[in-house]
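Participant: Protein sequence lines correspond, in order, to chains V and G.
Oh and the first sequence: position 170 is 170 in our numbering, straight run, nothing missing.
Oh and the second sequence: position 23 is 1023 in our numbering, straight run, nothing missing.
Backbone N, C-alpha and C define an ideal beta-carbon position, used for all residues, glycine too.
Nothing here was measured: the structure is a model prediction, and the numbers come from that model.
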Amino acid sequence: MKLLGIVLVIFSTSSLGYLFALKYKMRSWILKSMISSLNLFKIEVTYSKAPLGEILMAISRSSDKSIKFVFSKTGMILSQNEGHTAGEAWEIALNEWDNGYLKKEDVEILRSFGYGLGNSDVYNQEKNFDLAIELLKRQLSDAEEESKKNEKLYKNIGVLAGLATSILFL
Amino acid sequence: MNTRKNFEEVLYALPPSVREVIIKIPDDLLQEVEEIRLRVNRPLTVYLKNEEKFVSKEGTISFSPSLAYIVTSEDCEKALQLISKSSLYAFEEEIRNGYITLKGGYRVGIVGKCVLENGYIKTLKNISGYNYRISKEIIGVAEEILKYLITPSKGVYNILIISPPQCGKTTLLRDITRWISNGIDFLGFKGKKVGAVDERSEIAGCYNGIPQMDVGIRTDVLDGCPKAYGMIMLIRSMSPEVVVTDEIGKKEDIEAIHEVLNTGVKIITTVHANDIEDLMKKPVLKDVISLRYFERYVILSNRLGAGTVEKILDENFNTLFKGPYRRGRTEK
Chain V
1 MKLLGIVLVI FSTSSLGYLF ALKYKMRSWI LKSMISSLNL FKIEVTYSKA PLGEILMAIS
61 RSSDKSIKFV FSKTGMILSQ NEGHTAGEAW EIALNEWDNG YLKKEDVEIL RSFGYGLGNS
121 DVYNQEKNFD LAIELLKRQL SDAEEESKKN EKLYKNIGVL AGLATSILFL
Chain G
1001 MNTRKNFEEV LYALPPSVRE VIIKIPDDLL QEVEEIRLRV NRPLTVYLKN EEKFVSKEGT
1061 ISFSPSLAYI VTSEDCEKAL QLISKSSLYA FEEEIRNGYI TLKGGYRVGI VGKCVLENGY
1121 IKTLKNISGY NYRISKEIIG VAEEILKYLI TPSKGVYNIL IISPPQCGKT TLLRDITRWI
1181 SNGIDFLGFK GKKVGAVDER SEIAGCYNGI PQMDVGIRTD VLDGCPKAYG MIMLIRSMSP
1241 EVVVTDEIGK KEDIEAIHEV LNTGVKIITT VHANDIEDLM KKPVLKDVIS LRYFERYVIL
1301 SNRLGAGTVE KILDENFNTL FKGPYRRGRT EK
């Protein structure tokens, strides 16, 4: 009986530890997906020059599910023709997006990217994309470093806390 | 609601605050509106029944600017994004030409500050004025005059439509194109392969390459192509029996027409002028008349409203038909 209790305690605390660790992993994952989607987005805008609404829908189909929402929502708002510009639609989508894993700075980069979306010629659009991608890449390397440091830490804390609690109970 | 096809596309392209005003205009007046004009910090105006009038916040139309809705600079900024569906990068070429075609074939003219590069217009910025032109697709305007445009052997004459601006020449050209392309049952005329060079996207109103206006079942549209190149290109690529193009005037256009006629292809086109005499005064176009390129001249005015046919002349400038004649405004 006691043994089972110990196992349960250790199991639950280490899960908690893993959960915290996951948070760091997810941030990197989302940033990575965002960078690759923005790259695709950039190519569509600069090369195919298709209307933004169509591009957004196509991107949302090929995006990872963690970030799909931003593209599909922006595209949807634009297709409703309620008089929103792309920048406004992107802002609305970002605000509704459940991005608990991202840091505030990450979201700010995306937000300021939105201000320039669709309102200039190809050359300037490209610059806007490049800037956002460059900044997100920096965030990514920062996130990876952080996650390397903290992932192990939280996992270990989880297991050790479980062990400590069990020892106290014994 | 306006019964014009895809009229909502015009509304979608208006900034929300202006859109609200426009939809308050009573339906019967809205039907007549030919242009909606936005000028920054100045009253919102509409052009209808050959007059420019002001629109108040409540959607009433009057001659007094004091009650009118004033267009803000935010409106103007937003309009450009809405017109381009937030895809300004896709319209660089159009902006350089000063207009953008909307879905539905409507056109918006723009003015602003020109940005020059090496003496060429690179783009427009600080767009301060918009002219939403609500083109009309009047199916059947040409019906009554078709019999003058078809040869006894059921062929087509080379036709020149002469018209001052805003007298419905493109509408007439489009309708003639449609009839010739579809065939005219009551004259026993079989449809012909038509190639249209639509340099300014006015004839077919292409949006993403798809004609938004009905230009007939046998019509191939070369959209956004300079007329002179386009006519030759079409003849090589699509083997049309009739070539249609709008607003000739440049020297190279005339040369291209000459080449088209040499290949035996018929041509239907339009030109800006009041009448034949007026045309004779224009250096480039004089030759077109004196060399007798065309076999039928349709002269338009707006005496009875846009689309009034004044005269139809044959190749020797004899009057075949004397107007003014105007088909009733039954369809818009």
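#1: Just how far apart, CA to CA, sit V/S101 and G/M1238?
#2: According to DSSP, G/F1189 sits in a beta bridge with which residue or residues?
#3: DSSP state of V/A132, grouped into three classes?
#4: Residue range of the alpha helix (DSSP H) that G/C1076 falls in?
#5: Would you mind telling me which residues of chain G sit closer than 7 Å to V/V7, beta carbon to beta carbon, in chain order?
#6: Between G/E1143 and chain V, is the shortest Cβ-Cβ distance under 8 Å, so that the two count as touching?
#7: How many Å lie between G/E1331 and G/E1143 at the Cα?
#8: So G/I1162 packs on G/Y1297, CB below 8 Å; how close in whole Å?
#9: In this structure, how does DSSP classify G/P1065 when only helix, strand and coil are distinguished?
#10: Step through the CB atoms of chain G and report whether any lies within less than 8 Å of the CB of V/N119.
#11: Here's a check: name, in chain order, each residue in its chain whose Cβ is nearer than 7 Å to the Cβ of V/G116, leaving out the five neighbours to either side.
#12: Leaving out five residues on either side along the sequence, give the residues of the same chain with a beta carbon under 7 Å from the beta carbon of V/K25.
#13: So, G/L1313 versus G/Y1293, is the Cβ gap smaller than 8 Å?
#14: Is the beta carbon of G/L1285 sitting closer than 8 Å to the one on G/G1323?
#15: Closer than 8 Å by beta-carbon distance: list the chain V residues that pair up with G/E1092, in chain order.
#16: May I ask you to list the residues that DSSP assigns as paired with G/E1117?
#17: How do the region 63-76 of chain V and the region 1062-1074 of chain G stand: do at least 3 beta-carbon pairs fall below 8 Å, yes or no?
#18: Using a Cβ-Cβ cut-off of less than 7 Å, list which residues of the region 1015-1045 of chain G approach chain V; keep chain order.
#19: Taking the alpha-carbon positions, what's the V/S160 to V/I30 distance?
#20: Distance check for G/G1264 and G/I1150, CA to CA, integer angstroms please.
#21: Report the option in G/I1176, G/V1156, G/E1034 whose CA atom is closest to the CA atom of G/R1107.
#22: Which residue from G/V1271, G/K1085, G/I1180, G/M1280 puts its Cα closest to that of G/D1246?
#23: Using only the alpha-carbon positions, how far apart do V/N119 and G/K1024 sit?
#24: What separation, rounded to the nearest whole angstrom, lies between the Cα atoms of G/M1001 and V/E54?
#25: Taking the beta carbon of G/K1154 as the centre, do at least 16 other beta carbons fall within 10 Å, making it buried, or is it exposed?
#26: Comparing the C-beta of V/K42 with each C-beta of chain G, is any distance below 8 Å?
#27: Determine the contact status of G/L1300 and G/I1289, defining contact as a CB-CB distance below 8 Å.
#28: Given a cut-off of 8 Å on the beta-carbon distance, is the pair G/G1305 and G/R1327 in contact?
#29: Please list, in chain order, the chain G residues whose beta carbon lies closer than 8 Å to that of V/T85.
#30: Can you tell me whether V/N99 is buried or exposed, with buried defined as 16 or more other CB within 10 angstroms of its CB?
#31: From V/E44 to G/T1060, what does the alpha carbon distance come to, in whole angstroms?
#32: To be precise: take each residue of the region 1107-1128 of chain G, compare its Cβ to all Cβ atoms of chain B, and keep it if any distance is under 8 Å. Which residues remain?
#33: Should the region 1124-1140 of chain G be regarded as contacting the region 1026-1040 of chain G, the criterion being three or more beta carbon pairs within less than 8 Å?
#34: Whole angstroms is fine: what's the gap from G/R1329's alpha carbon to V/N95's?
#35: Which residues does DSSP pair with G/A1333 in a beta bridge?
#36: For V/N39 and chain G, any beta-carbon pair shorter than 8 Å?
Facilitator: On the basis of the data shown:
#1: Contrary to the premise, residue 101 of chain V reads as Tyr rather than Ser in this sequence. Rounded to whole angstroms, V/Y101 to G/M1238 spans 57 Å at the Cα level.
#2: G/I1184
#3: helix
#4: 1073-1083
#5: Those do not exist, as V/V7 stays about 57 Å from chain G at its closest Cβ, beyond 7 Å.
#6: no
#7: Legend: pLDDT at G/E1331 = 37, less than 50; position of this residue unreliable, value from coordinates given subsequently. Distance between the alpha carbons of G/E1331 and G/E1143: 13 Å.
#8: 6 Å
#9: helix
#10: yes
#11: N128
#12: S147, E151
#13: no
#14: no
#15: D121, V122
#16: G/Y1120
#17: no
#18: P1015, P1016, R1019
#19: Here residue 160 of chain V is Leu; the residue named in the question, Ser, does not match the sequence. One C-alpha to the other measures close to 29 Å.
#20: 16 Å
#21: G/E1034
#22: G/V1271
#23: 29 Å
#24: Low local confidence applies: a pLDDT of 46 at G/M1001 is under 50, so the model's placement there is unreliable, with the coordinate-based value given in what follows. Cα to Cα, G/M1001 sits roughly 28 Å from V/E54.
#25: exposed
#26: no
#27: no
#28: no
#29: K1078, Q1081, L1082, S1086
#30: buried
#31: 44 Å
#32: The question asks about chain B, but that chain is absent: this structure's protein chains are V and G.
#33: yes
#34: For G/R1329, the pLDDT reaches just 44, beneath the cut-off of 50, and the residue's location in the model is therefore unreliable, leaving the point undetermined.
#35: Coverage of chain G is limited to positions 1001 through 1332, which leaves residue 1333 of chain G absent and any answer about it impossible.
#36: no
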